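One structure below.
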């Protein structure tokens with residue numbers, strides 16, 4: 001019984017030590033503001049300290065070209081790296097969207113079932129001029145990695161409306177792209193510029 | 200000429216009028232892709248996927264900074280056939296020193312590879328500027344296997360290995376050791392590989408070849424040794440300088456392969472090698488040929504009016520201000536009676552702002568614009584890179600030479616070219632690669648350097664792209680060049696140890 005107590009005591013000490021070391025390691029990870037664009041040290045955390053990204057969270061809706069667009073933004077912390085031995089962390093918005101017909105009966109595109117770490121839209125950074133905007137990257141592996149940049153900014157003070165601007169940056173298509181040698185246009189799921197309303 | 204048209208030509212044709220041509224001996228310059236059994240054998244022996252071979256001998260023992268493995272030169276591979284036997288000779292430029300040359304020689308008998316060896320030509324005295332002392336070689340020639348073990352050695356004195364029974368000339372020499380002064384008979388040489396050796400007493404004091412000259416840094420042809428000017432015996436092809444490349448021979452039968460100003464290889468008539476009377480007798484010289492370096496190829500491209508015309512058609516504000524890209528593909532003239540590079544326009548894919556290569560396996564290059572449209576990076580995109588590697592390099596490897604492959608982007612902030620200097624074209628770039636390349640490129644490299652107003656500083660774009668190549672693409676041999684708009688003068692852009700962009704002007 002005494003021996004068991006001794007072991008438990010020893011184990012407790014070890015656990016305590018591990019917790020302390022872990023806490024020490026966490027406290028050593030440098031925190032950088034969300035506006036940071038320069039390279040950060042190993043294990044650094046580009047953190048949304050003032051919770052600016054939370055304002056964008058939720059589901060937003062807009063209409064364009066006889067279609068209805070829903071997108072849901074969520075803030076998550078992602079692990080990134082410059083190389084395998086230089087990782088860092090960052091708070092970003094991720095977006096999952098679906099496009100429906102105008103009567104919202106038929107679904108044209110839907111990726112809302114993707115996991116948070118595998119979304120087609122991932123946040124990048126804030127741009128400050130001419131207006132305060134958040135930028136997200138769109139890469140769609142289902143459409144030959146069609147890609148583009150999305151900039152969103154609030155247009156009312158109670159932050160219920162967003163201006164959405166999407167710029168297509170799709171360049172030469174990979175040689176195995178099934179759309180390459182067909183006359184059909186490359187599918188283009190995202191609206192170019194619309195106003196989104198919070199749901 | 201942007202590329203050398205069809206390098207594969209028989210060096211000595213059987214019906215050649217040349218008195219050097221025989222039924223049983225012939226040369227070829229071969230492409231790596233045409234000898235997969237040889238490259239596979241080397242890879243199998245070395246256990247590596249690339250064509251790097253373990254170095255041995257003096258290279259490891261004495262040279263400072265010598266690498267344990269060195270790459271075989273694959274732009275210039277010679278094949279020599281003698282009846283059922285064929286030898287494939289590769290140069291190794293980065294090894295060796297002033298008295299040592301390394302080659303790699305593969306022997307094939309009846310279609311089967313018999314051996315593949317690193318061969319060290321270690322001269323007793325430093326090589327002369329024109330390597331002419333290879334004709335009267337004194338020193339050791341050692342063969343090493345892939346385990347770096349010495350497998351054979353030949354010790355030569357004035358071009359003769361006393362340990363080896365002479366095979367020259369047949370029926371002469373009394374069956375004793377080689378090296379006896381041959382008797383010059385009329386009507387020689389009956390065979391280029393049993394020829395009459397040079398007039399030996401004249402060699403040491405012979406004046407340099409006044410007709411040599413040539414480009415700085417290259418190997419000048421061996422001196423004439425009082426045997427008259429070298430004459431182009433067999434024309435092979437024109438290099439990018441417009442020089443005739445082929446077999447040059449003087450009156451004494453000394454032979455070198457190359458152009459008038461430069462020699463690429465020395466053909467020794469007495470089979471300098473590690474095995475007695477068994478081997479090609481050819482020594483590919485270090486540093487040659489240099490006609491297909493990226494700088495040379497870019498220079499050659501801008502010397503081509505048809506190429507320049509396509510660049511000029513794109514390099515103008517009206518094109519940069521378009522809503523979509525414009526471009527031309529560069530294709531080998533296959534499946535056509537035409538002989539020049541073909542430049543079909545690249546079509547714009549509906550629903551995008553970009554152009555794409557036409558279908559077909561012949562497109563080894565492309566020239567295209569990146570516009571001034573918002574968000575466009577005035578640098579190669581992941582899609583450009585993907586097409587360069589998976590279409591252009593593959594096409595060049597299949598139909599021409601890897602060094603032909605290029606991608607060019609023309610923008611209002613600068614023009615750039617991609618070239619590939621590697622040998623392994625199995626890039627492992629799969630279907631999913633583009634997703635990650637696009638994501639990383641924009642999210643981690645280009646957006647972080649974008650100014651708050653959405654503009655880019657071009658110096659930062661160059662650096663970010665080079666970092667993207669280094670940290671994410673990680674395919675060795677991809678080289679980035681900036682190309683001046685007016686002159687076509689190129690600079691190689693690289694990252695230094697501190698990740699700053701280093702610019703090296705092409706010579």
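Chains as they are written, first to last, in the numbering used here: chain A, 1 to 199; chain B, 200 to 706. Heads up, the beta-carbon is just placed ideally off N, CA and C, and yes, glycines get one too. Please read all numbers here as calculations on a predicted model, not as lab measurements.
- With a threshold of 8 Å between beta carbons, residue 122 of chain A makes contact with chain B.
- Taking all protein chains in view, the Cβ of residue 255 of chain B is crowded by 16 or more other Cβ atoms within 10 Å, so the residue is classified as buried.
- Secondary structure at residue 87 of chain A: strand, using DSSP grouped into helix, strand and coil.
- Not a single C-beta of chain B is nearer than 8 Å to the C-beta of residue 160 of chain A.
- When C-beta distances to chain A are compared with 7 Å, the residues of the segment 652 to 666 of chain B below that value are 652 and 653, in chain order.
- Inter-residue distance for residue 690 of chain B and residue 682 of chain B is about 6 Å (C-alpha atoms, whole angstroms).
- Secondary structure note for residue 302 of chain B: its beta strand (DSSP E) is the uninterrupted segment 299 to 308.
- Excluding residues up to 5 positions away in sequence, 60, 62, 162 and 164 lie with their Cβ nearer than 6 Å to the Cβ of residue 196 of chain A in the same chain.
- With a cut-off of 8 Å on Cβ pairs, the segment 84 to 97 of chain A is in contact with the segment 109 to 123 of chain A, counting three or more such pairs.
- Among the residues facing chain A, residue 575 of chain B is included, as its CB has a counterpart in that chain under 8 Å away.
- Assignment of residue 147 of chain A by DSSP, reduced to helix, strand and coil, places it in the strand class.
- For residue 240 of chain B, the secondary structure class from DSSP, reduced to helix, strand or coil, is helix.
- Sequence-distant partners of residue 243 of chain B (beyond 5 residues in either direction) whose C-beta falls short of 8 Å from its own C-beta are missing from its chain.
- Using a C-beta cut-off of 8 Å, the segment 606 to 613 of chain B makes no contact with the segment 632 to 651 of chain B, since fewer than three inter-stretch Cβ pairs fall below that distance.
- If you draw a straight line from the Cα of residue 285 of chain B to the Cα of residue 279 of chain B, it comes to about 5 Å.
- Given a length threshold of 3 residues, each whole run of the beta strand (DSSP E) inside the segment 518 to 550 of chain B is given here in chain order: 526 to 530.
- Not a single C-beta of chain B is nearer than 8 Å to the C-beta of residue 56 of chain A.
- With the criterion set as a beta carbon lying under 7 Å from some beta carbon of chain B, the segment 42 to 71 of chain A has no members that meet it.
- Annotation: Cβ neighbours of residue 80 of chain A in chain B (cutoff 8 Å, chain order): 643.
- Secondary structure of residue 640 of chain B (DSSP, three-state): helix.
- In this structure, residue 116 of chain A keeps its C-beta atom at 8 Å or more from the C-beta atom of residue 47 of chain A.
- Around residue 572 of chain B, the same chain offers 522 and 552 as residues with beta carbons nearer than 8 Å, after the five sequence neighbours per side are excluded.
- A contact is defined here as three or more CB-CB pairs under 8 Å, and the segment 557 to 570 of chain B meets this definition with respect to the segment 502 to 516 of chain B.
- The Cβ neighbour count for residue 301 of chain B, taken over all protein chains shown within 10 Å, is at least 16; the residue is labelled buried.
- Contact annotation: residue 297 of chain B and residue 306 of chain B have beta-carbon atoms that are not nearer than 8 Å.
- Distance check between residue 233 of chain B and each of B/621, B/703, B/595 and B/476 places B/595 closest, using alpha-carbon atoms only.
- For residue 582 of chain B, the closest C-alpha among the options A/139, A/184 and A/158 is that of A/139.
- Using a Cβ distance threshold of 8 Å, residue 604 of chain B and residue 579 of chain B do not count as a contacting pair.
- Taking 8 Å as the Cβ-Cβ cut-off, the segment 115 to 149 of chain A approaches chain B at 122, 124, 125, 127, 128, 129, 130, 135, 137, 139, 141, 144, 145, 146, 147, 148 and 149, given in chain order.
- Between residue 680 of chain B and the set B/697, B/702 and B/666, the nearest pair of CA atoms involves B/702.
- The beta-carbon of residue 113 of chain A is placed no less than 8 Å from the nearest beta-carbon of chain B.
- Per the C-alpha coordinates, the member of B/252, B/226, B/227 and B/225 positioned closest to residue 238 of chain B is B/252.
- Following the DSSP letters along the chain, one finds residue 335 of chain B in no beta strand (DSSP E), marked with neither H nor E.
- Closest option to residue 533 of chain B, judged by alpha-carbon separation, among B/591, B/507 and B/598: B/598.
- If you ignore the 5 residues before and after residue 272 of chain B, its C-beta comes within less than 8 Å of the C-beta of 289, 290, 291, 292 and 483, all in its own chain and listed in chain order.
- In the DSSP annotation of this structure, the continuous segment of the beta strand (DSSP E) that includes residue 437 of chain B starts and ends at 430 to 437.
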